[in-house]
Amino acid sequence: MAARRPVSGERLYSAGLTLFDVDVPAIGAALTGGVPLSEALPPRIWEDGSLPLLLALRAAAAWQAAEV
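The opening position of the sequence shown corresponds to residue 40 in this note's numbering, with each subsequent residue numbered one higher.
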């Protein structure tokens, strides 16, 4: 697998990706405390993240907060 090269379609969707570490429990705690999602998320994710990503992070954070 290590020697496998991406095909053209994979290059189209993987070029320019930026990875971020996200503290989901901290976001969940902030949301539980009444902080708006726009302030709970890291600024770069709020500004550049897609709507599905933002909704998924909100759902994961809410689920994580409910588990605690």
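Where a beta carbon is used, it is the ideal one built from N, C-alpha and C, also for glycine.
Within the model, the alpha-carbon separation for ALA101 versus PRO64 is close to 9 Å.
If you draw a straight line from the Cα of LEU70 to the Cα of ALA79, it comes to about 7 Å. In summary, LEU96 is buried, with 16 or more beta-carbon neighbours lying within 10 Å of its beta-carbon over all protein chains present. In the DSSP annotation of this structure, GLY72 is not part of any alpha helix (DSSP H), being labelled neither H nor E. The criterion of a C-beta distance shorter than 8 Å is satisfied by GLN103 and GLY67. LEU76 places its beta carbon 8 Å or farther from that of LEU90.
Where ASP87 is concerned, the enclosing alpha helix (DSSP H) starts and stops at 82-87.
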